[in-house]
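Take a look at the structure set out below.
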Amino acid sequence: MKSEEIAKIAGVSRSTVSRVVNKYSNVPDETREKVMKVIEAYNYRPNSFARTLAGKRSNTIGLFFIVDSGRYQEERIFENDYFTLYLNLLVDFASEKDYFVLVSIISQEIEYAKISQAFFEKRIDGGIIIGTKQDTLKKIQAENINSSIILFDYELTEDEKINYKDANITMINSKDEQAIEKAVDHLVQLGHKDIGFIRGIEYTRSGKARNNAFQKAMHKSGLAIHEEYCFDGHFSVNEAYKNMKKKITEGCLATAYISANDFMAIGVMDALKEANISVPDAISIIGFDKSHRANEIKPRLTTMAPDFHEMSKKAIEILHSKINGNDENAAVVEFPVTFYEKESCSKFIL
Numbered sequence: 102m103k104s105e106e107i108a109k110i111a112g113v114s115r116s117t118v119s120r121v122v123n124k125y126s127n128v129p130d131e132t133r134e135k136v137m138k139v140i141e142a143y144n145y146r147p148n149s150f151a152r153t154l155a156g157k158r159s160n161t162i163g164l165f166f167i168v169d170s171g172r173y174q175e176e177r178i179f180e181n182d183y184f185t186l187y188l189n190l191l192v193d194f195a196s197e198k199d200y201f202v203l204v205s206i207i208s209q210e211i212e213y214a215k216i217s218q219a220f221f222e223k224r225i226d227g228g229i230i231i232g233t234k235q236d237t238l239k240k241i242q243a244e245n246i247n248s249s250i251i252l253f254d255y256e257l258t259e260d261e262k263i264n265y266k267d268a269n270i271t272m273i274n275s276k277d278e279q280a281i282e283k284a285v286d287h288l289v290q291l292g293h294k295d296i297g298f299i300r301g302i303e304y305t306r307s308g309k310a311r312n313n314a315f316q317k318a319m320h321k322s323g324l325a326i327h328e329e330y331c332f333d334g335h336f337s338v339n340e341a342y343k344n345m346k347k348k349i350t351e352g353c354l355a356t357a358y359i360s361a362n363d364f365m366a367i368g369v370m371d372a373l374k375e376a377n378i379s380v381p382d383a384i385s386i387i388g389f390d391k392s393h394r395a396n397e398i399k400p401r402l403t404t405m406a407p408d409f410h411e412m413s414k415k416a417i418e419i420l421h422s423k424i425n426g427n428d429e430n431a432a433v434v435e436f437p438v439t440f441y442e443k444e445s446c447s448k449f450i451l
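Encoded structure:
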């Protein structure tokens with residue numbers, strides 16, 4: 102039943118019903134009693150949006166996943182542990198704080214308006230955005246949003262630090278540089294010098310940071326970076342598989358590879374297996390993110406990952422604190438990355 106129907110039965114205006122529902126004092130007691138009898142008789146429940154217009158909390162958190170509109174979109178969302186793990190953890194932790202979670206996938210430019218609209222119409226008390234691009238804040242008009250925003254995998258540019266200095270933003274990131282340096286050191290200790298890198302998506306913080314970290318770690322180890330051993334995988338199993346097939350055909354292979362995520366590493370391993378090239382006897386592979394599939398494939402994938410459980414828990418704690426008016430000063434919260442040695446790496450033998 103809608104408020105218009107309640108108003109008609111009670112013989113009052115719709116605005117009067119709204120004032121009664123939201124407990125405004127400027128409603129005569131007789132009118133209030135008449136409206137409340139109709140509300141109780143028909144078990145009327147006002148929608149949450151109407152209540153938030155009156156300045157009340159929605160007890161809802163927005164969870165927005167931003168993905169490409171290209172050919173990797175479906176794979177990244179429905180087959181990637183990175184997204185599904187965050188979805189499960191964040192919903193669980195939000196539920197513990199008695200929040201509902203509004204989940205939305207943003208894949209087209211026009212859909213960024215969904216995020217802005219959810220904030221501006223006060224459908225949500227705060228929002229978490231995952232899979233961000235460097236211009237995400239501009240697209241959602243973050244400078245006009247008063248609610249709290251948590252960004253996973255994001256780094257402010259110098260211009261953004263100025264433009265959004267008053268925005269209520271916290272970023273949750275992993276310490277990728279330390280992780281990639283550990284991976285390079287591990288391969289160097291095994292005797293590898295020709296090490297390749299499988300790049301993710303450069304417009305994401307993690308994609309760019311992991312690529313830059315690889316180059317820095319290689320220079321620090323005194324090793325040359327051979328561009329022919331590095332290629333794009335776009336965080337996609339299929340794209341990494343396809344590009345590794347090309348490298349195999351060209352006969353242009355490193356002795357070891359570090360991948361910016363596990364899915365690309367798995368795609369590379371599939372291509373090598375089809376070509377009867379042994380992992381790890383001929384080529385060693387290291388992934389990133391500690392996905393479920395990393396432990397299911399043979400050989401099990403050596404990988405690294407932050408504690409997604411703690412990252413998700415911290416995100417909800419910060420958001421809950423901000424929603425309740427507490428001052429959270431940390432603009433960036435970084436989590437260390439743990440290295441998990443499994444079976445996909447071995448010593449280099451001439």
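Take any residue in the sequence shown, count from 1 to its spot, add 101: that is its number in the working numbering. Beta carbons are placed, not taken as given, at the ideal position from N, Cα and C, and that holds for glycine. Please read all numbers here as calculations on a predicted model, not as lab measurements.
Asked: Can you give me the C-alpha to C-alpha distance between H293 and Y187, rounded to a whole angstrom?; Found: 34 Å
Asked: Could you compute how far the alpha carbon of V122 sits from the alpha carbon of A432?; Found: 38 Å
Asked: Just the C-alpha distance for A406 and F184, rounded to the nearest angstrom, thanks.; Found: 14 Å
Asked: Name, in chain order, the residues that DSSP records as bridge partners for F449.; Found: In the DSSP output, where bridge partners are listed per residue, F449 has none listed.
Asked: Apply the 10 Å Cβ neighbour rule to C353 and answer buried if 16 or more other Cβ atoms are within range, or exposed otherwise.; Found: exposed
Asked: What does G333 pair with, by DSSP beta-bridge criteria?; Found: Strictly speaking, residue 333 in this sequence is Asp, with Gly absent from that position. According to DSSP, which records beta bridges pairwise, D333 is partnered with R300.
Asked: Considering only residues of the region 346–375, which uninterrupted alpha helix (DSSP H) runs meet the minimum length of 4 residues and lie entirely inside it, listed in chain order?; Found: 363–375
Asked: Could you give the first and the last residue of the continuous alpha helix (DSSP H) run that contains Y187?; Found: D182 to E197
Asked: Under the DSSP definition of a beta bridge, which residues are partnered with A406?; Found: T439
Asked: Can you tell me where the beta strand (DSSP E) holding N264 begins and where it ends?; Found: That residue, N264, is in no beta strand (DSSP E); its alpha helix (DSSP H) goes E259 to N264.
Asked: Helix, strand or coil: how does DSSP classify F221 here?; Found: helix
Asked: Tell me which residues share the same chain as G227 and place their Cβ nearer than 6 Å to its Cβ, disregarding the 5 neighbours each side in the sequence.; Found: I162, S248, S249, L420 and I424
Asked: Count the other C-beta atoms from every protein chain shown that fall within 10 angstroms of the C-beta of Y304, then say buried if there are 16 or more, exposed otherwise.; Found: exposed
Asked: Can the beta-carbon of D182 be found closer than 8 Å to that of H393?; Found: yes
Asked: Using a threshold of 8 Å, state whether the C-beta atoms of F253 and I231 are closer than that.; Found: yes
Asked: Can you give me the C-alpha to C-alpha distance between F409 and K347, rounded to a whole angstrom?; Found: 34 Å
Asked: Does the distance from the CB of A357 to the CB of F389 come in under 8 Å?; Found: no
Asked: Taking 8 Å as the threshold, find out whether the region 199–218 comes into contact with the region 438–446 through three or more Cβ pairs.; Found: no
Asked: Does the separation of the CB atoms of S447 and D382 fall below 8 Å?; Found: yes
Asked: Report yes or no: do the region 259–268 and the region 319–328 share at least 3 C-beta pairs separated by less than 8 Å?; Found: no
Asked: Grab me the residues of R158's own chain with a C-beta within less than 6 Å of its C-beta, minus the 5 sequence neighbours each way, in chain order.; Found: D226
Asked: For V434, which option in V192, K415 and E105 has the closest C-alpha, if you only look at C-alpha atoms?; Found: K415
Asked: Confirm, please, whether the CB-CB distance from G297 to A355 is below 8 Å.; Found: yes
Asked: Kindly indicate which residue of P129, N144, V118 and N127 has the alpha-carbon position closest to the one of V136.; Found: V118
Asked: Please say whether A376 and I349 have beta carbons closer to each other than 8 Å?; Found: yes
Asked: When the Cα atoms are used, what is the spatial distance from K215 to N396?; Found: 37 Å
Asked: Starting from M272, follow its DSSP beta bridges and name the residues at the other end.; Found: L252 and V433
Asked: What's the C-alpha gap between N245 and L291?; Found: 52 Å
Asked: Is the beta carbon of I299 closer than 8 Å to that of A341?; Found: yes
Asked: Taking just the CA atoms, how far does S217 sit from D267?; Found: 17 Å
Asked: Between the C-alpha atoms of K109 and E134, what's the straight-line distance to the nearest angstrom?; Found: 15 Å
Asked: Output needed for V139: all residues of its chain with C-beta closer than 8 Å, excluding positions within five of it in sequence on either side, in chain order.; Found: I107, I110, A111 and Y145
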